[in-house]
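To keep things clear, I will list the structure first and then write my remarks on it.
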Amino acid sequence: MSEIFAAVDALLAKARDGGDLPEPAERERLRKAAGLTQVEVAEALKTRRETFAKWESGTAQPRAPKRGAYAFLLAGLADIHGTRGPDGWLALARRARPLDTAATAATATADEGE
Numbered sequence: 081m082s083e084i085f086a087a088v089d090a091l092l093a094k095a096r097d098g099g100d101l102p103e104p105a106e107r108e109r110l111r112k113a114a115g116l117t118q119v120e121v122a123e124a125l126k127t128r129r130e131t132f133a134k135w136e137s138g139t140a141q142p143r144a145p146k147r148g149a150y151a152f153l154l155a156g157l158a159d160i161h162g163t164r165g166p167d168g169w170l171a172l173a174r175r176a177r178p179l180d181t182a183a184t185a186a187t188a189t190a191d192e193g194e
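Residue numbers (the working numbering): 81 to 194.
Spelled out as structure tokens, the structure:
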């Protein structure tokens, strides 16, 4: 039975491909509204600036886990700077951050306070 659900999950992932990111123009607008450079975002996402430029322009798509991190960043920037155009991507992008990452960050913050 788990094989069936794995196949369904694969179909859903294929249908969602691109659904967690805004249109390329909105990606660029959000980054610039925050005063971030392509280099800064690329470094945060552990990729090259050239690769990030392709993601931002829509000529290439990031893969997991970087895709989730990029989507989560864009959702956060949209919360700060608002969105223009369709915003259906936001619901998926907000869920992109793995729960264990938040827990790890909270633990690290607590450890620093000691």
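Where a beta carbon is used, it is the ideal one built from N, C-alpha and C, also for glycine.
All figures in this text were calculated on a predicted structure; none of them were measured in a lab.
What first and last residue would you give for the alpha helix (DSSP H) that runs through residue i?
i, result
"GLN118", "118 to 124"
"ARG174", "169 to 174"
"ALA114", "Premise fails: ALA114 is in no alpha helix (DSSP H) and is neither H nor E."
In its own chain, which residues sit with a C-beta less than 7 Å from the C-beta of residue i, not counting the 5 before and 5 after it?
i, result
"ARG109", "ARG164"
"HIS161", "LEU110, ALA113 and ALA114"
"ARG128", "ALA122"
Give me the residue from the options with the minimum Cα distance to residue i.
i, options, result
"ALA144", "GLY168, SER137, LEU101 and ASP159", "LEU101"
"LYS146", "PHE132, GLY156 and VAL88", "PHE132"
"GLU103", "ARG174, GLY148, ALA171 and GLY138", "GLY138"
I think residue i touches residue j, with their Cβ atoms under 8 Å apart; what is that distance to the nearest whole Å?
i, j, result
"ARG111", "VAL121", "6 Å"
"LEU172", "GLY99", "6 Å"
"ALA158", "ALA176", "No, ALA158 and ALA176 are not in contact; Cβ-Cβ is about 13 Å, not under 8 Å."
For residue i, which residues from the same chain have a beta carbon less than 8 Å from its beta carbon, with the 5 sequence-adjacent residues on both sides left out?
i, result
"LYS126", "LYS146"
Less than 6 Å between C-beta atoms, sequence neighbours within five positions excluded: which residues of the same chain meet that for residue i?
i, result
"ALA87", "none"
- request: Scan the segment 134 to 164 and note each continuous alpha helix (DSSP H) run of 4 residues or more that stays entirely inside, going in chain order.
  value: Secondary structure within the segment 134 to 164: the alpha helix (DSSP H) runs of 4 or more consecutive residues, fully enclosed, are 146 to 161 (chain order).
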